[in-house]
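Going left to right, the sequence shown walks through residues -20 to -1, 1 to 374 as mature numbering (1 follows the signal peptide of the UniProt record, and there is no 0) numbers them. Working notes for the structure below.
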Amino acid sequence: MNPSFSHWRRHWLLTIPALALLAGCNGGGSDQPPAQPQTHALATYNSAPWESLPEVADNDLLAGFGSWRSACTRLKADQVWGATCAAATNVAQTPEAIRGFLKEHLQVYGLRSGSGSTTGLITGYYEPVYPGSLTQTQVANVPVYGVPDDMIVVALDSIYPELKGKRLRGRLEGRVLKPYDDAASIESKGVKAPVIAWLTDPMDLQFLQVQGSGRIQLADGRQLRIGYADQNGHPYRPIGRWLVDQGELKKEDVTMGTIAAWAKAHPARIPELLGSNPSYVFFNRNPDSNEGPRGSLNVPLTSGYSVAVDRKVIPLGSLLWLSTTRPDGSSLVRPVAAQDTGGAITGEVRADLFWGTGDAAGQLAGDMKQPGQIWMLWPKGMPLPQVPEVANAP
């Protein structure tokens, strides 16, 4: 007999009397079935009039609409967006024409959390540029890995449609699929994967993994563009949260800048810090281009007008109306295009605004943790997305 099955069987047999005793104590032997856990929709869409949208400047309207329309080459056969994209092809680049098109073809829906709140968290991300090398040197010795040769990816929705977008990643050991190595193991032992380039600082690699794409500045002046290829299958846990739990930073003080400063002051604890996040991202090399990095929709992101979203709530390709503030508190209201996803971008009223490339964009992205509201502009006559149910908090 399989030892693991035998252990499970003994555990189950020992559990049965306890379950029976609990059942006998439930309402004096009542035959009533146990109460089912209560659930609620992860988010809700609430129909709203166009007049409810906050005013947007003409230049923001033009740029946001242009960002959304740039993805229509990918959406022309999409069941939801195909017809709307076809109609958008010949819309004149004037505020009047765009407003008329939007009102004719799209319906406004306010996004709310499962608890009914219209306000959520708006953060930022960017395309960093870090120094590095194509070969390992004494200074550049932090590997940027491609996809491991021995990692197996299973698309669960091929069997279970309700698990759309879910992937299982692991490694075969004999005939058993085991979870793939976590970040701490990969960083300490390495991995069977091609090395795309070498960085000079382990924190640069961590931030590169969080952003999902970036550029590596080579000594000869060239920039190597890399982008997200895959992930090791472990959940993402923010290293900033670990610093808060350790009492090293206050929650309200956590930014990329403060995390980097802490790491510089505590170099011996960097492995411990990085090991607190088991997720690990693998990259591929992208063609040289002056365009923005490509997001999950495989179209170049537009600085200031592309966002990463939770695709369980907002389908990729959607046109959104965003109302939030910049880190300095100034108003930011504009249409944006849902063209990317991210391991940390999960939840209800949630978006991550792409700020562009380089240090200035990085400063904005690192400081942005603003409250905001999101409206989804959805094609008229199309069924709304099916949002998953989640368990109520106990």
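Glycine residues also receive a C-beta, built at the ideal position from the N, C-alpha and C atoms.
Please report how far the alpha carbon of residue 381 lies from the alpha carbon of L157, in whole angstroms.
-> Because the chain in this structure spans residues -20 to 374, residue 381 falls outside the shown range and cannot be described.
Less than 8 Å between the CB atoms is what I'm expecting for S256 and R217, so what's the real figure, rounded?
-> 6 Å
The stretch 309 to 316 in contact with the stretch 63 to 74 per 3-pair CB rule at 8 Å | no
Check whether the stretch 21 to 29 touches the stretch 85 to 99, taking contact to mean three or more Cβ pairs, one atom from each stretch, closer than 8 Å.
-> yes
On the DSSP bridge assignment, give the partners of F262 in chain order.
-> D210
Looking at C-alpha atoms only, which residue of T235, G104, I206 and R147 is the closest neighbour of V289?
-> G104
For G44 versus R314, is the C-beta spacing smaller than 9 Å?
-> yes
Residue closest to A23, alpha-carbon to alpha-carbon, out of V234, S97 and N39 = S97
Rounded C-alpha distance that separates L114 from A173 = 15 Å
Do W335 and A324 have their C-beta atoms within less than 9 Å of each other?
-> no
Is the stretch 225 to 235 close to the stretch 279 to 296, with three or more CB pairs under 8 Å?
-> no
Going by alpha carbons, who is nearest to D38 out of L55, R79, K56 and A51?
-> R79
Roughly how many whole angstroms lie between the Cα atoms of G284 and L152?
-> 42 Å
Keeping to the same chain, check which residues put their C-beta closer than 7 Å to that of K360; ignore five residues upstream and five downstream.
-> H85, L86 and Q87
DSSP three-state call for V190: helix, strand or coil?
-> helix
State the Cα-Cα distance for the pair P258 and W61, rounded to the nearest angstrom.
-> 36 Å
With DSSP collapsed to three states, give me the class of N39.
-> helix
Cβ-based neighbour list, R147, same chain, cut-off 8 Å, excluding 5 preceding and 5 following = V133, V134, A135, L136 and G213
State the DSSP-derived secondary structure class of G224, mapped to helix, strand or coil.
-> A small fix is needed here, since residue 224 is Val in this sequence, not Gly. V224 falls in the helix class under three-state DSSP.
Rounded to whole angstroms, what's the CA-CA distance from R155 to L198? Just pull it up for me.
-> 43 Å
Could you check if T304 is buried or exposed, using at least 16 other CB atoms within 10 Å of its CB as the buried criterion?
-> buried
Below 9 Å between beta carbons: does that hold for G207 and N270?
-> no
Is it true that the CB of W301 sits closer than 9 Å to the CB of W358?
-> no
Alpha helix (DSSP H) runs contained entirely in the stretch 116 to 190, provided each spans 4 or more residues = 163 to 169
Assign G275 to one of two classes, buried (16 or more other C-beta atoms within 10 Å of its C-beta) or exposed (fewer than that).
-> buried
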